[in-house]
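Asks:
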Amino acid sequence: MIFNSFQFLVFLPCVIFLYFAIPSKWRWLFLLLSSYYFYMSWKPEYAFLIVASTAIDYYSGMRMSAITDKKKRRPFLMLSIFTNLSLLLLFKYFNFFNESARAVFDSFNIFYNVPEFNMFLPVGISFYTFQTLSYSIDVYRGTTKAEKHFGYFALFVSYWPQLVAGPIERSGDLLPQLREEFKFEYNRVREGLIRIGWGFFKKVVVADRLSIFVQQVYQHPGEHGGFAVVLATWMFAFQVYCDFSGYSDIAIGSARMMGVNLTDNFKTPYFSKTIREFWQRWHITLSVWIRDYLYFPMGGSRVTYSRLMFNTMFTFAVMGLWHGANWTFVMFGVIHGVLLSVRRTADKFFPNLKFDLGPRLKWLTFAISAFWVFNLTCIPDIFFCSATSGDAMIQIQSIFTVPNTTHTLIHNSLTGADTSVQFILSWVFIAFLLFFDIRMYTNKDETIEGLITRQPVAVRWTFYVVLLIFVGWFAMTTNAAFIYFQF
1 MIFNSFQFLV FLPCVIFLYF AIPSKWRWLF LLLSSYYFYM SWKPEYAFLI VASTAIDYYS
61 GMRMSAITDK KKRRPFLMLS IFTNLSLLLL FKYFNFFNES ARAVFDSFNI FYNVPEFNMF
121 LPVGISFYTF QTLSYSIDVY RGTTKAEKHF GYFALFVSYW PQLVAGPIER SGDLLPQLRE
181 EFKFEYNRVR EGLIRIGWGF FKKVVVADRL SIFVQQVYQH PGEHGGFAVV LATWMFAFQV
241 YCDFSGYSDI AIGSARMMGV NLTDNFKTPY FSKTIREFWQ RWHITLSVWI RDYLYFPMGG
301 SRVTYSRLMF NTMFTFAVMG LWHGANWTFV MFGVIHGVLL SVRRTADKFF PNLKFDLGPR
361 LKWLTFAISA FWVFNLTCIP DIFFCSATSG DAMIQIQSIF TVPNTTHTLI HNSLTGADTS
421 VQFILSWVFI AFLLFFDIRM YTNKDETIEG LITRQPVAVR WTFYVVLLIF VGWFAMTTNA
481 AFIYFQF
């Protein structure tokens, strides 16, 4: 069941209605059953992975909570880490490492015949694995208490709004909210619906329009060159942003209606003035997870310069690999690591080096900085969007070696019977999106629901009607899965 499906449009109101209709003491069970139904609608047999992960982490947490000596807790932490990472490595990364090993052995003419593990990738395994791991590590560290109620812990692991694509929540934030007894509140439901509508707009209206033109370039590496590749990469940057943040908005809005506040995963990332700020605004819960459970334990930034560079590159390589079992994703992370390392090197050796046009042109300083950082983040996006690293290199070479095909690409898009209107609308929708993102950014990262609910009635209802018209129109023509469902 994907969010942009008719099945979900039936599922959501039924769950919300029944949630408030049944006695509060049984709501946890209802949500747990709803979450497993939601997940099993993809492939029922893979529910056993969540059950296994839940059982092991619950057991590990309970055993660690009963032990005061931190050293004696360690075997149970290792049990949790080993179980979760083994499942992740087996189902997501086994074939990747197997094929990489085969390529190395073949280059030395050494026989290698380890068979592939041909199993369907469980939806959302990277998300719920990291969520349960954070719980086990926090219990081991003593920063959170173990959840004694198995049902509530199982709900924490499988909570359906954020189960398959985040946000990656901490137990200290989510579990207390799951225990609260919420009453139906009109304002909360209205805010949730606004957030859901905005998420659908991003996904169905913007992201799915942009994908049409991105695919023309990226499915045929080497056929387009010059600014056409740059244009397609820009469009992909907005496509993946609207696709992923759109899912997060729907998840946040769905949970909000039931009283739960999930973490905002995106805060206008393309207005970042530095690469570091970008990762403070993009996929926030993953960035914070990597920081707290990998980067800081390695020493963080309180180390020598050479070790700082290693820590940065290693954590970003892991972050890239988290996205998918492909060298393209590793390169995506590595390039981001290089960009951040260059910035840190410049800050160390040239601390007074700063781009500033003065107080009168503060807006221009911001605009140039944001556009510069946006283009820097588009470089690793070339690998993210490509099927192979070889294809990505071809696309990069095509920018400089293949004749510019921008005019042909735009002409074909404008004259095609199926693409002309959508090509024009895609840019209109990007402008519409940026208008609201600018408003939210200038209002100290205000949420879309906060921005809309304080507008006059006429403005609010104009916004509602426009969203309903375009989402309804395009929802009938496309039903593409969310990009991050594959992770």
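Numbering (our numbering), first residue to last: 1 to 487. Don't be surprised by glycine CBs; every beta carbon is placed ideally from N, CA and C.
#1: Return the CA-CA distance between Arg188 and Thr453, expressed in angstroms with no decimal places.
#2: For His283, count neighbouring Cβ atoms within 10 angstroms of its own Cβ and tell me buried if that reaches 16, exposed if not.
#3: Hey, Trp26 and Ile168 are a contact pair by Cβ (cut 8 Å); roughly how many whole angstroms apart?
#4: Less than 8 Å between the beta carbons of Ile125 and Phe91, yes or no?
#5: Using CA atoms only, rank isn't needed, just tell me which of Phe316, Asn352, Pro380 is closest to Phe236.
#6: Is Leu87 helix, strand or coil when you go by DSSP?
#7: If I follow the unbroken alpha helix (DSSP H) through Asn265, where does it start and stop?
#8: Assess contact between the segment 132-148 and the segment 56-71, defined as three or more Cβ pairs (one per stretch) separated by less than 8 Å. Is contact present?
#9: Would Ser53 and Thr143 qualify as a contact pair, given that the criterion is a beta-carbon distance under 8 Å?
#10: Determine the direct distance from the alpha carbon of Met1 to that of Ile56, and round the result to whole angstroms.
#11: Does DSSP classify Ser136 as helix, strand or coil?
#12: Assign Arg170 to one of two classes, buried (16 or more other C-beta atoms within 10 Å of its C-beta) or exposed (fewer than that).
#13: Going by beta carbon distance, what residues of the same chain come within less than 7 Å of Thr406, once the five residues before and after it are set aside?
#14: Could you give the distance in angstroms between the alpha-carbon of Trp322 and the alpha-carbon of Phe314?
#15: Looking at the unbroken alpha helix (DSSP H) that takes in Glu277, where does it start and where does it end?
#16: Between Phe316, Leu31, Ser386, Val157, which has its C-alpha nearest Ser287's C-alpha?
#17: May I ask you to check if the CB of Tyr37 is nearer than 7 Å to at least one heavy atom of the ligand PLP?
#18: By alpha-carbon positions, which one of Glu99, Leu155, Phe200 ends up nearest to Phe6?
#19: Closer than 8 Å is the cut-off here; do at least three beta carbon pairs connect the segment 238-250 with the segment 394-403?
#20: Taking contact to mean 3 or more Cβ pairs, one atom from each stretch, closer than 8 Å, check whether the segment 91-109 and the segment 142-156 are in contact.
#21: Using only the alpha-carbon positions, how far apart do Leu31 and Val217 sit?
#22: Kindly give me the distance between the Cβ atoms of Tyr293 and Ser134, rounded to whole angstroms, as I take these residues to be in contact under 8 Å.
#23: Which whole-angstrom value describes the C-beta separation of Leu340 and Thr312, a residue pair presumed to lie in contact below a C-beta threshold of 8 Å?
#24: Counting Cβ pairs, one atom from each stretch, are 3 or more of them under 8 Å apart for the segment 195-215 and the segment 243-253?
#25: With 16 as the cutoff for other CB atoms within 10 Å, does His447 come out buried or exposed?
#26: Three or more C-beta pairs closer than 8 Å, one from the segment 269-285 and one from the segment 177-191: is that the case here?
#27: Taking 7 Å as the limit between beta carbons, can you name the residues of its chain near Trp28, skipping five residues before and five after?
#28: In the DSSP assignment, find the alpha helix (DSSP H) that holds Ser287 and state where it starts and stops.
#29: Where are the beta strand (DSSP E) runs, 3 residues long or more, that stay fully inside the segment 103-167, in chain order?
#30: Tell me which residues share the same chain as Met119 and place their Cβ nearer than 7 Å to its Cβ, disregarding the 5 neighbours each side in the sequence.
#31: Given a threshold of 16 other Cβ atoms within 10 Å of its Cβ, counted over all protein chains shown, does Asn84 qualify as buried or as exposed?
#32: With a threshold of 16 other CB atoms inside 10 Å of the CB of Trp473, please say whether the residue is buried or exposed.
#33: Cα-Cα, which of Ser369, Leu210, Gly172 is closest to Trp427?
#34: Looking at Phe355: is its Cβ nearer than 8 Å to the Cβ of Ser369?
#35: Consult DSSP for Pro75 and reduce its assignment to one of helix, strand or coil.
#36: In three-state terms, what does DSSP make of Arg439?
Replies: Based on what the coordinates show:
#1: Walking along the sequence shown from the start, residue 188 turns up at place 188. Walking along the sequence shown from the start, residue 453 turns up at place 453. In a straight line, the C-alpha of Arg188 is about 11 Å away from that of Thr453.
#2: Counting from one through the sequence shown, the residue named residue 283 turns up at place 283. By the 10 Å Cβ count, His283 comes out buried.
#3: Indexing the sequence shown from 1 puts residue 26 at position 26. Indexing the sequence shown from 1 puts residue 168 at position 168. With a Cβ gap of about 28 Å, Trp26 and Ile168 do not count as contacting.
#4: Residue 125 sits at position 125 when you count from the first residue of the sequence shown. Residue 91 sits at position 91 when you count from the first residue of the sequence shown. Closer than 8 Å, so yes.
#5: Counting from 1 along the sequence shown, the entry for residue 236 is found at position 236. If we check each option's Cα against that of Phe236, Pro380 comes out closest.
#6: Along the sequence shown, one-based indexing puts residue 87 at 87. DSSP places Leu87 in helix when its eight states are reduced to three.
#7: On the sequence shown, position 265 is the one that residue 265 refers to. No alpha helix (DSSP H) contains Asn265, which DSSP labels as neither H nor E.
#8: yes
#9: Reading the sequence shown from its first residue, position 53 is the one you call residue 53. Reading the sequence shown from its first residue, position 143 is the one you call residue 143. Not closer than 8 Å, so no.
#10: Within the sequence shown, numbered from 1, the residue matching residue 56 stands at position 56. Within the sequence shown, numbered from 1, the residue matching residue 1 stands at position 1. Between Ile56 and Met1, the C-alpha separation is close to 27 Å.
#11: Sequence index remark: in the sequence shown, residue 136 carries index 136 (1-based). Three-state result, Ser136: helix.
#12: Stepping through the sequence shown from its first residue, residue 170 is reached at position 170. By the 10 Å Cβ count, Arg170 comes out buried.
#13: Working through the sequence shown from its first residue, we reach residue 406 at position 406. Excluding residues within five positions, the ones whose Cβ falls inside 7 Å are Gly226, Phe227, Ala228, Leu231.
#14: The residue labelled residue 322 in the question sits at position 322 within the sequence shown. The residue labelled residue 314 in the question sits at position 314 within the sequence shown. Their Cα atoms are separated by approximately 12 Å.
#15: As a working mapping, residue 277 is identified with position 277 in the sequence shown. 275-281 is the span of the alpha helix (DSSP H), which, as asked, contains Glu277.
#16: The residue you call residue 287 lines up with position 287 of the sequence shown. Taking only the C-alpha atoms, the option nearest Ser287 is Phe316.
#17: No copy of the ligand PLP appears in this structure; indeed no ligand is present at all.
#18: Within the sequence shown, residue 6 is the residue found at index 6, counting from 1. Nearest C-alpha to Phe6: Phe200.
#19: no
#20: no
#21: Sequence index remark: in the sequence shown, residue 31 carries index 31 (1-based). Sequence index remark: in the sequence shown, residue 217 carries index 217 (1-based). When rounded, the distance between both Cα atoms is 43 Å.
#22: Taking the first residue of the sequence shown as 1, we reach residue 293 at position 293. Taking the first residue of the sequence shown as 1, we reach residue 134 at position 134. With 8 Å as the limit, Tyr293 and Ser134 qualify as a contact, their Cβ atoms being about 6 Å apart.
#23: The sequence position of residue 340 within the sequence shown is 340, counting from 1. The sequence position of residue 312 within the sequence shown is 312, counting from 1. Indeed, because the Cβ distance is near 6 Å, the residues count as touching under 8 Å.
#24: yes
#25: As a position in the sequence shown, residue 447 is number 447, starting the count at 1. Here the sequence assigns Thr to residue 447, which means His is not the residue at that position. Buried, because 16 or more other Cβ atoms sit within 10 Å of the Cβ of Thr447.
#26: no
#27: Within the sequence shown, the letter at position 28 stands for residue 28. Excluding positions up to five away in sequence, the list reads Gly151, Tyr152, Leu155, Leu178.
#28: Here residue 287 corresponds to residue number 287 of the sequence shown, with the count starting at 1. Run containing Ser287: 284-290, per the alpha helix (DSSP H) assignment.
#29: none
#30: Counted from its first residue, the sequence shown places residue 119 at position 119. Around Met119: Phe91.
#31: Within the sequence shown, residue 84 is the residue found at index 84, counting from 1. Buried, by the Cβ-count rule.
#32: Numbered from its first residue, the sequence shown carries residue 473 at position 473. Label assigned to Trp473: exposed.
#33: Within the sequence shown, residue 427 is the residue found at index 427, counting from 1. When each option's Cα is compared against that of Trp427, the closest is Leu210.
#34: As a position in the sequence shown, residue 355 is number 355, starting the count at 1. As a position in the sequence shown, residue 369 is number 369, starting the count at 1. In contact: Phe355 and Ser369 (Cβ atoms closer than 8 Å).
#35: For this step, residue 75 is matched to residue 75 along the sequence shown. Pro75 falls in the helix class under three-state DSSP.
#36: On the sequence shown, position 439 is the one that residue 439 refers to. The answer is helix: DSSP assigns Arg439 an H, G or I state.
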